[in-house]
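For the sequence shown, position 191 matches number 258 in this note's numbering, and the numbering has no gaps at all. The beta carbon of each residue, even a glycine, is placed where N, CA and C say it ideally should be. For reference, the structure is listed below as structure tokens.
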Amino acid sequence: MKLPRRQFLHLAAGAAVLPAVSRIALALDYPARPVHIIVGFPAASGPDIVTRLVAQRLSERLGQQFIVENRPGAGGSIASQSVVNATADGYTLLTATTANAINATLYPNLNFNFVRDVAPVAFISRTPFVMVVNPAFQARAIPEFVAYAKVNPHKINMASAGIGTMTQLCYELFKMMTGLDLVHVPYRATYLPDLIGGQVQGAFSTVPQAIEFIKDGRLRALAVTSTARVDALPDIPSLGEFVPGYEAEGWFGIVAPKTTRGDIIGKLNNEINAAIADPKLRAQFRELGVSPMSMAPAEFGQLIADQTEKWGKVIKVADIKPE
Numbered sequence: 068m069k070l071p072r073r074q075f076l077h078l079a080a081g082a083a084v085l086p087a088v089s090r091i092a093l094a095l096d097y098p099a100r101p102v103h104i105i106v107g108f109p110a111a112s113g114p115d116i117v118t119r120l121v122a123q124r125l126s127e128r129l130g131q132q133f134i135v136e137n138r139p140g141a142g143g144s145i146a147s148q149s150v151v152n153a154t155a156d157g158y159t160l161l162t163a164t165t166a167n168a169i170n171a172t173l174y175p176n177l178n179f180n181f182v183r184d185v186a187p188v189a190f191i192s193r194t195p196f197v198m199v200v201n202p203a204f205q206a207r208a209i210p211e212f213v214a215y216a217k218v219n220p221h222k223i224n225m226a227s228a229g230i231g232t233m234t235q236l237c238y239e240l241f242k243m244m245t246g247l248d249l250v251h252v253p254y255r256a257t258y259l260p261d262l263i264g265g266q267v268q269g270a271f272s273t274v275p276q277a278i279e280f281i282k283d284g285r286l287r288a289l290a291v292t293s294t295a296r297v298d299a300l301p302d303i304p305s306l307g308e309f310v311p312g313y314e315a316e317g318w319f320g321i322v323a324p325k326t327t328r329g330d331i332i333g334k335l336n337n338e339i340n341a342a343i344a345d346p347k348l349r350a351q352f353r354e355l356g357v358s359p360m361s362m363a364p365a366e367f368g369q370l371i372a373d374q375t376e377k378w379g380k381v382i383k384v385a386d387i388k389p390e
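And the structure:
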């Protein structure tokens with residue numbers, strides 16, 4: 068039986084539309100079961116806390132559980148590997164952090180390329196660090212610190228949370244941009260008791276970790292590492308005010324396996340952006356010293372690439388090797 072030309076074209080056009088309709092229907096149905104967000108750091112860590120706050124809002128908005136799973140190890144690389152290899156169906160996601168940009172250079176033998184092998188979904192927040200010193204240390208501001216360090220080379224001990232961590236890279240970038248001769252003292256456990264006790268003189272700390280000690284006078288804050296002052300420490304200047312061009316911030320975002328469908332990524336991006344626009348969540352973030360921020364997937368992807376290049380250069384110049 069031959070179909071009239073007009074009827075044939077109508078049916079053909081309808082058939083062409085079906086795959087697009089099916090994709091839209093799948094996106095509308097997503098998520099149809101619990102979604103797992105993998106965090107490469109322990110419970111109660113910064114990435115874990117931020118992820119759980121966002122996951123709670125997503126669960127409420129989408130009517131499915133967003134379950135946070137902690138898989139610490141190798142600076143987050145174990146978790147990253149598991150998500151790179153996961154089924155790309157939108158039900159396994161990863162909390163990406165600055166550590167992913169660092170690890171690309173710090174660990175040259177990784178079995179994946181983070182920039183190439185994940186699909187950026189949504190940016191969540193930036194989190195600055197704060198340069199702190201023991202109150203007995205004579206410098207009360209960055210110019211005084213720099214002046215003292217220049218006439219006392221190799222005498223200021225700067226603690227960090229370990230080799231290759233952002234707390235070290237903040238220090239290394241500062242050292243590179245000022246030309247100061249400082250001593251790096253990496254810790255496996257927390258360095259705060261030694262810093263408060265005066266065994267080491269300074270450190271670059273996360274704001275949530277240090278803020279209570281700053282407020283009660285056990286630590287003195289000299290500067291924050293963001294380009295602007297932060298709400299949690301409004302009286303503390305930006306380090307860039309004294310060292311032009313200095314900027315070092317941690318960040319959090321969500322990524323998925325590389326071939327995750329664009330409609331699912333788009334839906335997640337919209338929902339995460341809506342979640343972090345919620346005034347209550349924004350207030351919780353600010354109490355932690357975290358700045359909520361939205362980005363389109365492509366913009367977030369560019370940030371990951373730029374950060375990978377930036378910290379890769381610092382690692383190479385400082386000749387940092389993993390422990």
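By DSSP, does residue i sit in helix, in strand, or in coil?
i           : result
residue 247 : coil
residue 309 : coil
residue 129 : helix
residue 204 : coil
residue 198 : strand
residue 382 : helix
residue 149 : helix
residue 89  : With a pLDDT of only 48 at residue 89, under 50, the local geometry of the prediction cannot be trusted, and no value is derived from it.
residue 319 : strand
residue 188 : strand
residue 155 : coil
residue 294 : coil
residue 355 : coil
residue 162 : strand
residue 286 : coil
residue 134 : strand
residue 177 : coil
residue 193 : strand
residue 391 : What is shown of the chain runs 68 to 390, which leaves residue 391 out entirely.
residue 253 : strand
residue 389 : coil
residue 371 : helix
In terms of residues, what are the limits of the alpha helix (DSSP H) holding residue i?
i           : result
residue 271 : It is not in any alpha helix (DSSP H) - residue 271 instead sits in the beta strand (DSSP E) that spans 269-273.
residue 172 : 165-173
residue 342 : 329-343
residue 263 : 259-264
residue 212 : 209-218
By alpha-carbon positions, which one of the options ends up nearest to residue i?
i           : options            : result
residue 103 : 157, 334, 109      : 157
residue 218 : 248, 183, 112      : 248
residue 376 : 191, 354, 152, 173 : 173
residue 221 : 267, 96, 153       : 267
residue 359 : 206, 341, 191      : 191
residue 138 : 112, 155, 333, 223 : 112
residue 388 : 241, 176, 354      : 176
residue 206 : 147, 189, 269      : 269
residue 373 : 149, 165, 101, 186 : 165
residue 197 : 117, 150, 178, 313 : 313
residue 282 : 299, 294, 246      : 299
residue 325 : 150, 186, 286, 366 : 186
residue 116 : 354, 369, 237      : 354
residue 24  : 237, 224, 96       : Lying before the first or after the last residue shown, residue 24 is absent from the chain, which here runs from 68 to 390.
residue 327 : 154, 311, 245, 291 : 154
residue 329 : 240, 363, 261      : 363
What is the C-beta distance between residue i and residue j, in whole angstroms, given that I count them as a contact (C-beta under 8 Å)?
i           : j           : result
residue 226 : residue 289 : Not quite, the Cβ-Cβ distance comes to about 14 Å (not below 8 Å), so this is no contact.
residue 163 : residue 371 : 7 Å
residue 395 : residue 255 : Here the chain has residues from 68 to 390 only, and residue 395 is not among them.
residue 193 : residue 318 : 5 Å
residue 234 : residue 271 : 5 Å
residue 145 : residue 107 : 6 Å
residue 321 : residue 110 : Not quite, the Cβ-Cβ distance comes to about 18 Å (not below 8 Å), so this is no contact.
residue 284 : residue 202 : 6 Å
residue 150 : residue 160 : 7 Å
residue 141 : residue 379 : Actually they do not touch by this definition, with Cβ atoms about 17 Å apart.
residue 200 : residue 296 : That belief does not hold up - the Cβ atoms of residue 200 and residue 296 are roughly 18 Å apart, past 8 Å.
residue 245 : residue 310 : 6 Å
Tell me which residue opens and which closes the beta strand (DSSP E) that residue i is part of.
i           : result
residue 227 : 224-227
residue 105 : 102-106
Self-check item: Three or more C-beta pairs below 8 Å linking the region 339-349 and the region 119-128
Solution: yes
Quiz item: Three or more C-beta pairs closer than 8 Å, one from the region 331-342 and one from the region 276-286: is that the case here?
Solution: no
Practice problem: Check whether the region 127-134 touches the region 291-306, taking contact to mean three or more Cβ pairs, one atom from each stretch, closer than 8 Å. | Solution: no
Quiz item: Touch check for the region 381-389 and the region 200-215: three-plus C-beta pairs under 8 Å?
Solution: no
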